[in-house]
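Here's the structure we're looking at; comments come further down.
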Amino acid sequence: MAPKKNEAVEIKALNRGAWTAEEDRKLAQVIEIHGAKRWKTIAAMAGLNRSGKSCRLRWLNYLRPNIKRGNITDQEEDLILRLHKLLGNRWSLIAGRLPGRTDNEIKNYWNSRLSRKISQREKRGGGEDPSARESSGSELIRPPDQAAGGATMVDGDDDFFDFSNESPMTLEWVSKFLELDEDSYELS
DNA sequence: AAAGAGTCCAACCGCGACCAG
DNA sequence: CCTGGTCGCGGTTGGACTCTT
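This is the structure:
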């Protein structure tokens with residue numbers, strides 16, 4: 144039962160749990176100077192008794208500039224539903240299509256609200272929402288080997304799912320996607 | 001007003017992928 | 001080619017908050 148060599152197991156106990164404002168400040172300061180890479184080094188330079196992993200998570204989900212928090216709009220929710228239908232639980236990919244949203248936030252939103260919404264609709268017969276129809280096990284969700292190496296999903300007439308040649312932070316793709324999707328489903 | 005149930009969200013964990021030496 | 005270190009992702013957990021009785 145030797146302790147596994149793992150980032151979670153350190154010689155000296157690392158800080159865990161909620162971040163303090165002071166820790167946030169130190170972390171942001173170091174990242175501002177050195178950039179958001181080499182998380183282990185950042186953690187050390189900031190004088191934070193935390194793992195690099197923890198610092199990365201904090202930065203990406205909370206401190207990063209341009210993060211939108213809360214108030215997921217109807218349009219965003221709709222987009223999440225559609226993207227989830229297409230991509231499955233690939234939260235980082237979905238988040239990449241929602242500027243300012245984090246994978247963690249979307250995942251939480253899905254787990255706490257949307258999945259329940261969908262299962263309720265399915266119980267009621269689920270006819271009225273196309274998103275519910277194929278919410279799991281859809282053949283549109285490619286196996287991991289096809290998705291590996293990026294989000295590229297070029298495949299015959301699915302060419303509008305090819306994410307590879309677009310700036311991830313543009314909303315143009317979103318509108319294009321919504322237009323096309325609404326055409327095929329005739330959503331009200 | 002208090003207690004219990006339900007919900008939400010920040011953070012942790014484990015694992016696989018990637019990369020440099 | 002192999003190995004160890006690091007990073008990124010998805011799943012899960014625990015605590016704080018809100019709602020209901």
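Residue numbering for the first sequence follows this note's numbering, starting at 144 and increasing by one per position.
In this text, a Cβ means the ideal position worked out from N, Cα and C, and glycines have one as well.
Residue range of the alpha helix (DSSP H) that includes residue i
{"i": "Leu117", "result": "Residue 117 is absent from the structure shown; the chain starts at 144 and stops at 331."}
{"i": "Gly195", "result": "Gly195 to Arg201"}
{"i": "Ile176", "result": "Ala164 to His177"}
{"i": "Ala97", "result": "No statement about residue 97 is possible, as the shown extent of the chain runs from 144 to 331 and does not include it."}
{"i": "Gly239", "result": "Trp234 to Gly239"}
{"i": "Arg225", "result": "Asp217 to Leu230"}
{"i": "Lys250", "result": "Asp246 to Tyr252"}
Whole-angstrom C-beta distance between residue j and residue i, which should lie under 8 Å
{"i": "Ile210", "j": "Leu226", "result": "In fact, because the Cβ distance is near 19 Å, the residues do not count as touching under 8 Å."}
{"i": "Leu170", "j": "Trp202", "result": "6 Å"}
Option nearest residue i by Cα separation, candidates the options
{"i": "Tyr205", "options": "Arg168, Lys228 and Asn158", "result": "Arg168"}
{"i": "Thr245", "options": "Ile261, Ile215, Asp221 and Lys260", "result": "Ile215"}
{"i": "Ser235", "options": "Ile174, Ile249, Ser197 and Ala179", "result": "Ile249"}
{"i": "Met188", "options": "Leu241, Leu157 and Ile174", "result": "Ile174"}
{"i": "Glu220", "options": "Ile176, Arg181, Gly178 and Ser258", "result": "Ser258"}
{"i": "Lys158", "options": "Gly190, Leu229 and Arg264", "result": "Checking the displayed sequence, the identity of residue 158 turns out to be Asn instead of Lys. Nearest C-alpha to Asn158: Gly190."}
{"i": "Gln172", "options": "Leu200, Arg207 and Lys196", "result": "Arg207"}
{"i": "Lys196", "options": "Trp253, Leu224, Gly160 and Asn251", "result": "Gly160"}
{"i": "Leu200", "options": "Asp217, Pro242, Gly243 and Asn247", "result": "Asn247"}
{"i": "Pro242", "options": "Gln218, Leu229 and Lys228", "result": "Gln218"}
{"i": "Tyr252", "options": "Leu229, Arg264, Lys228 and Leu224", "result": "Leu224"}
Status (buried if at least 16 other CB within 10 Å, exposed otherwise) for residue i
{"i": "Lys183", "result": "exposed"}
{"i": "Gly213", "result": "exposed"}
{"i": "Arg256", "result": "exposed"}
{"i": "Thr163", "result": "exposed"}
{"i": "Ala186", "result": "buried"}
{"i": "Lys180", "result": "exposed"}
{"i": "Arg240", "result": "buried"}
{"i": "Gly231", "result": "buried"}
{"i": "Arg193", "result": "buried"}
{"i": "Ile261", "result": "buried"}
{"i": "Glu166", "result": "buried"}
{"i": "Cys198", "result": "buried"}
{"i": "Pro287", "result": "Note that Pro287 scores 34 on pLDDT, short of 50, meaning its location in the model is unreliable; the coordinates nonetheless yield the value given after this. Flag for Pro287 reads exposed."}
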